[in-house]
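Top line first, the protein sequences correspond to chains A and B.
For the first sequence, counting from 1, position 568 maps to 571 in this note's numbering; every step adds exactly one.
For the second sequence, counting from 1, position 244 maps to 276 in this note's numbering; every step adds exactly one.
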Amino acid sequence: MTKSSDNTYDVIVVGGGHAGCEAAAAAARRGARTALVTHSRQTIGEMSCNPAMGGLGKGHLMREVDALDGLIARVSDRAAIQYRLLNRSKGPAVRGPRAQIDRALYRKAMQDEIASIGKLRVVEAAVAGFVQERGRITGVTTEDGSQILARCVVLTTGTFLGGLIHIGNKKVPAGRAGEAPSNELAQVLRGSGLRISRLKTGTPPRLDGRTICYSGLEAQPADEEPFYFSTLTNRTHVRQIACHITHTNEVTHRIIEDNLSRSAMYAGYIEGTGPRYCPSIEDKVVKFADKSSHQVFLEPEGLEDHTVYPNGISTSLPEDVQDAYVRSIRGLENVQIIRHGYAIEYDYVDPRELSAKLQVKALPGLYLAGQINGTTGYEEAAAQGVVAGANAAAEALELPYLEIDRSQGYIGVLIDDLTKRGVSEPYRMFTSRAEYRLMLRADNADERLTPAAVRLGMCSSKRQESFKAKFAALSALREELQRIQFTPQQAQVAGLPASKDGRIRSAYEYLSYAEVTFDRVVAAKPELGTVPDSLQSQVEADALYAAYTDRQKAEIRALEQDREVRFPVDLDYSKVPGLSNEARQKLSAARPANLAEAGRVDGITPSALALVLSHLRKLSAQRLAG
Amino acid sequence: MSVVKLDTIYALSSGAGKAGVAVVRLSGPDTARVVGSMCGGLPHPRMAELRTLRSLSGGEAMDRCLVLWFPAPGSFTGEDLVEFHVHGSLGVVRWLLEELGGPGGLRPADPGEFARRAFMNGKMDLVEIEGLADILESESRQQVRQALFHVDGHASEVFGSWRSGLIRSLALAEACIDFSDEEGVELAARPQILQAIKVLRAEMGSELEGAERGRRTRLGVRVVLAGAPNAGKSSLMNAIARRDVAIVSKFAGTTRDVVEVSLDLGGFAVDLADTAGLRDEVDSEVEQLGIGRTRQRLVQADLVLLIGSPDAPWPSIDIDSDTIRVWNKVDIGRAQPQARCDVEISALSGAGLPELLDLIELRVARLASGGEPALLTRDRQIHAVRQCLACLDRAIVNESSFEIVAEELRTAARLIDMLVGKVDVEDLLEEIFSKFCVGK
């Protein structure tokens, strides 16, 4: 291998966090020679905030990354120490798999995965800027002055861009506690003309679990029947433990109120916007003054690690105040703080600068994924990583792109929301963001997305085979359930609800009744008893929502027709007669590719759309005439 | 999808035929240019100015007229718009329209096109547009009041408040799903959701009940005269029509068919219909046919005037509709009514007629939206609210499944959006705008 080819790749991924790992792995799965460039090999797969994966909406994202043969779900399964399916008592569409994760095991499993990928090489370096050629990004320069070249670059720098940690009135430039930020790179990006602003997020103090008094605190055990993140996982790898719950109290709140002026956030040191749904304890005390107590989850960071993450009390108060308010909490009276909490501010690029491929529109060759796009959370980062990595490889190797529609997955919702609407606070996934929620369930992510992964050649043969087998069994089961029919008398004998209209109904129709579970159908037809639980619950959920999904599918078809009405890339909205200034600005900024996208641009009315359409018709008439 | 035409349109906006004043309206991007050259410069915006109107072709004076110039966006259509108030003669109007239709690129407006442009430019929502159509069709005071309620945006306000109620409940349901691991969220939200849905359900339900009254006000209350042959139905019809009621139209039917007049009774539009006499034994096939029609009329009637008289007593029939029992021909005396009688009259002498009219007016007011204008007056609106109600019913049944509740609330909110024309309106537009006359 010559020196130059040694430093030349198809795809470079900058950053070894959750977006970076997925991006590098996805690019390599598609056959791209890929370099993962990171400050330190040891921090690949680091969980810099809470030691948990998944949750509502987030668990869905993980299942989808898994369906695309990504890493996050199966690596999490190697390190999960407390599985809990959230909303277990609610409908199947809104159940979210979640688990506490052993951070060290996670890092180890992720580093092993990365090391095992043939086309992927890890390069330790600090990236300082880009190599550009004729307006295209063709590589990166490092702080030691060397160059690494590639056809495409994926930037996944998390909170490292211009990262600034706040504790009280102390400010420390850092990307993560104890790690240097990427300030040169931040300067380069700020100079590139992209719209860049600041966001903030926070993290709580870390506690020494050996100094916590757990007696009398409510324990939250792991689920007896774990719901694994990956469809390839079939056993629990690690011992399961319990978390504990404690509460803040009036004393805690008084300490915080008395010291508000010393909080970085409240003293006005921070310019970035923080997330409303993940408020600091200062925010909670001020904004919900009528609540005298807030929940605090005590989450162990690992089986061999005595560090405990107190979820619910992130803060930017000075150290002495953190010591005082933490020790006012029951069970933490004598606790030792291992590391104090802090708020971190960082640069993010307005994600409306990106196409649905996560490619920077103004800088060809450059892709962005993760927190740099204004999101928060490991799962959101990983989801973008797969898409950016797969598409960087696609561009480099001239392969088809990976684009996921809102009707196909939460990943589609995430990317569409980011690139069309932008963000005003760190963006987190919720199930309510998905208008096709009843179709986009955690249990059917593989059915929705694995075929695309197979088509794009980014799916291992192991997963292909397991998916093929499952899909065949599922199809057979569905046919079987349609075939099994009950006359009203047979239904009555079998203990199924009596049909009032005297019509013959299939077993599948009966499953669509909220009160008819698969077990009741099995009671009526014992030969169905051998069907595996996972298939049972998936078919049960399909049937339960059938009436709604039929309607949604009709809506999707209508949208697809609108999508066929394409807008020219160079459409000049200032030439559209009658269009209001507001609509003109919004459409010019959003640059929708078709009628369906234009309809979803914030504040665009049907009348504005009609004006654009009429203008387009006129243009095409002129083109024909000319 | 229909095409919004962005050329400049014109139309005679006042009625056809000779009149003191005729109004010709233009709207669109070329309006300023046309006004400038016809009037020798643009008048002050929104001020009535007297100008000499000159032809576009040769600058020849066509008329002296009032010009009202409304630059965009402060106009009915949201575009540049002008009104020429010219002398209402056939000659002036015809000349002016010919000039406008000349080679200048202007185009006669399609039916309802001015209103369509108002809608497209966000000047009016769909409900307001429908109210406008009703005002233009109105024949009675109550119809005007009801239509104004829609044009002025009051109806849209109610729909808007329903929509925000739905969105609020939706947000609560979503909180129960996405923040279920937060203490107390579900506990606090769950009863609120059910309560809010029930309140909305009740409001929509009561508006649906009032919808029939709204429809009667909009289309007229159907009053039918029925009775045995020779009970004096036709004379009563003529007597009513001769009195202080304005006959709006009169259609003479074929032999033994139904005869109708439209009246304005105390501000309400009333369709009064005479019918063939009802007899128990029928001789001819033709008569049988007539009686069949009469019975059909009676089923559809909002109010039946059942006429009896000493020589032709009330027939023995069951009527479901609201009924006034009238005893006619008191002037020929003798026999007294054998059954309950609401009013005694003589269609011939006019005795008792004022009392009968008062009674009809009272009943009509009750049948139509007495006083309060109805929110729902059209099948389209009624249908959307019924669907909305069905969503809420399903949400209540599935109360414990938040994801289903949320889906139903989302659908209900979208139905309201469609009602006021925020989404999916294209299909409706053709139908709605086809109800308009040119230039209105």
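We treat Cβ as the ideally placed atom computed from N, Cα and C, and that holds for glycine.
query                                                                                                                                                                                                       : result
Between residue 4 of chain A and chain B, is there a C-beta pair that is closer than 8 Å?                                                                                                                   : Caution applies to residue 4 of chain A, whose pLDDT of 36 falls short of 50 and renders its modelled position unreliable; the value that the coordinates give is listed next. No, no contact with chain B.
In this structure, what does DSSP give as the bridge partners for residue 361 of chain B?                                                                                                                   : In DSSP, residue 361 of chain B forms no bridge with anything.
Could you confirm whether any beta carbon from chain A is found closer than 8 Å to the beta carbon of residue 270 of chain B?                                                                               : no
Is residue 83 of chain B close to chain A? Criterion is C-beta to C-beta, closer than 8 Å.                                                                                                                  : no
Quick check on this structure: which residue in B/230, B/302 and B/308 has the alpha carbon closest to the alpha carbon of residue 262 of chain B?                                                          : B/308
DSSP three-state call for residue 521 of chain B: helix, strand or coil?                                                                                                                                    : Examination of residue 521 of chain B is not possible in this model, given that chain B is present from 33 through 472 alone.
Could you check the C-alpha separation between residue 272 of chain A and residue 175 of chain A for me, to the nearest Å?                                                                                  : 12 Å
Does residue 90 of chain A come within less than 8 Å of chain D when only Cβ atoms are used?                                                                                                                : Protein chains A and B are contained in the structure displayed, whereas chain D is not.
Using only the alpha-carbon positions, how far apart do residue 406 of chain A and residue 79 of chain A sit?                                                                                               : 25 Å
How would you list, in chain order, the residues of chain A whose beta-carbon sits under 9 Å from the beta-carbon of residue 146 of chain B?                                                                : Going along chain A, no residue has its Cβ under 9 Å from residue 146 of chain B, so there is no contact; the nearest lies around 14 Å.
With a threshold of 8 Å, are at least 3 pairs of Cβ atoms found where one atom belongs to the stretch 567-582 of chain A and the other to the stretch 335-354 of chain A?                                   : no
Against residue 60 of chain A, what residues of chain B qualify as contacts under a CB-to-CB distance less than 9 Å, listed in chain order?                                                                 : 210
Residues of the stretch 419-451 of chain A with a CB closer than 7 Å to any CB of chain B: list them in chain order, please.                                                                                : 433, 434, 435, 440 and 441
Under 8 Å between the Cβ atoms of residue 388 of chain A and residue 452 of chain A?                                                                                                                        : no
For a contact meaning CB atoms closer than 9 Å, what does residue 93 of chain A contact in chain B?                                                                                                         : 208, 209, 212, 432, 433, 434 and 435
Quick check on the burial criterion: 16 or more other C-beta atoms within 10 angstroms. Buried or exposed for residue 76 of chain B?                                                                        : exposed
So what's residue 139 of chain B in DSSP terms, helix, strand or just coil?                                                                                                                                 : strand
Would you say residue 83 of chain B and residue 92 of chain B are within 8 Å of each other, going by their C-beta atoms?                                                                                    : no
Note down, in chain order, all residues in the stretch 61-76 of chain B with a beta-carbon under 8 Å from any beta-carbon belonging to chain A.                                                             : 61
Classify residue 529 of chain A as helix, strand or coil using the three-state DSSP reduction.                                                                                                              : helix
Going by DSSP, which residues form a beta bridge with residue 357 of chain A?                                                                                                                               : A/363
Could you tell me if the beta carbon of residue 50 of chain B falls within a distance shorter than 7 Å of some heavy atom in the ligand FAD?                                                                : Among the ligands in the structure shown, none appear at all, so the ligand FAD cannot be discussed.
Just checking, does the stretch 178-194 of chain B make contact with the stretch 398-412 of chain B on the three C-beta pairs under 8 Å criterion?                                                          : yes
Cβ of residue 156 of chain B less than 8 Å from any chain A Cβ?                                                                                                                                             : no
Out of curiosity, what's the CA-to-CA distance linking residue 423 of chain B and residue 198 of chain B?                                                                                                   : 11 Å
Between the beta-carbon of residue 210 of chain B and the beta-carbon of residue 435 of chain A, is there less than 8 Å?                                                                                    : yes
List, in order along the chain, the chain B residues whose C-beta lies closer than 9 Å to that of residue 519 of chain A?                                                                                   : Residues of chain B passing the Cβ test: none, with the nearest at roughly 14 Å.
How big is the Cα-Cα spacing for residue 432 of chain B and residue 201 of chain B?                                                                                                                         : 14 Å
List, from N- to C-terminal side, the alpha helix (DSSP H) runs of 4 residues or more that fit wholly inside the stretch 189-254 of chain B.                                                                : 217-251
Is the CB of residue 152 of chain B under 8 Å away from at least one CB in chain A?                                                                                                                         : yes
Going by the beta-carbon positions, is the gap between residue 243 of chain A and residue 225 of chain A smaller than 8 Å?                                                                                  : yes
Run through the stretch 239-293 of chain A for me and flag every whole beta strand (DSSP E) of 3 or more residues, listed as ranges in chain order.                                                         : 246-250
Identify, in the order they occur along the chain, each residue of the same chain with its Cβ nearer than 8 Å to the Cβ of residue 587 of chain A, setting aside the five sequence neighbours on each side. : 576, 577 and 579
How would you write the range of the beta strand (DSSP E) that residue 568 of chain A sits in, first residue to last?                                                                                       : Where residue 568 of chain A is concerned, there is no enclosing beta strand (DSSP E), given that its DSSP letter is neither H nor E.
How would you list, in chain order, the residues of chain B whose beta-carbon sits under 7 Å from the beta-carbon of residue 298 of chain A?                                                                : 215
Do residue 9 of chain B and residue 253 of chain B have their C-beta atoms within less than 8 Å of each other?                                                                                              : Outside the displayed range of chain B (33 to 472) lies residue 9 of chain B, so it cannot be described from this structure.
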